[in-house]
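**Q** Dumping the structure here so I can ask a few things about it.
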Ligand code: FES
Ligand code: FES
């Protein structure tokens, strides 16, 4: 459930609250039926995060919440109040791509690209917590993300490349 407007210093009367999204404080309308995916895409215009299944099955909607990958379609917007949200739009630092984004480019790890934001976020979360994951840890971290184009081999190759990158921890602090 979305938390009430008495949710501490980040919320206020009038049904609004502020979220920190990609390092910027953003004001949103509080409503009990809104999930984080709706808020990001429809209220804040951050359409890089995708609506796939809407049921927690595909991972296309993954974002970082305090550095941990969550399915935004299953996350009430109120849960993000006062916390740090990072979307695919917030991973690069200026012109410098996040190491996972760079690795996806180098590996050619997308076809239609619809699953890519969720894949990149899942991998970024993994490497943020565990910069040198084992093969088993990579498979486990990416297991909740589906690619309708079947591009798994290149996607996993990209995650392995990113894990070998000297900058694999960049941009991931909560
Ligand atoms: Fe959220 Fe599929 S859209 S898991
Ligand atoms: Fe098309 Fe993954 S590249 S769904």
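Numbering (our numbering), first residue to last: 229 to 402.
Using N, Cα and C, we set each Cβ at its ideal position, and we do this for glycine too.
In this text, all values refer to a predicted model and were calculated from it rather than measured experimentally.
Using a 10 Å radius around the Cβ and a threshold of 16 neighbouring Cβ atoms, would you call residue 349 buried or exposed?
**A** buried
**Q** Around the Cβ of residue 343, are there at least 16 other Cβ atoms within 10 angstroms (buried) or fewer (exposed)?
**A** buried
**Q** Hey, how far is the Cα of residue 280 from the Cα of residue 340?
**A** 13 Å
**Q** What three-state label does DSSP hand residue 244 in the structure shown?
**A** strand
**Q** How about residue 354 and residue 286: are their beta carbons less than 8 Å apart?
**A** no
**Q** Measuring from the CB of residue 289, is there a heavy atom of ligand 1 at a distance below 7 Å?
**A** yes
**Q** What's the gap between the Cα of residue 330 and the Cα of residue 356?
**A** 15 Å
**Q** Could you check the C-alpha separation between residue 282 and residue 292 for me, to the nearest Å?
**A** 17 Å
**Q** Keeping to the same chain, check which residues put their C-beta closer than 8 Å to that of residue 385; ignore five residues upstream and five downstream.
**A** 335 and 337
**Q** I'd like to check one pair, residue 307 with residue 250: are the Cβ atoms closer than 8 Å?
**A** no
**Q** Residue 273 and residue 345: beta carbons closer than 8 Å?
**A** no
**Q** Can you list the beta strand (DSSP E) stretches of 3 or more residues lying completely in the region 271–303, in chain order?
**A** 290–293 and 296–299
**Q** Which residue's Cα is closest to the Cα of residue 391: 289, 328 and 324?
**A** 328
**Q** How many Å lie between residue 319 and residue 295 at the Cα?
**A** Those two C-alpha atoms are separated by around 11 Å.
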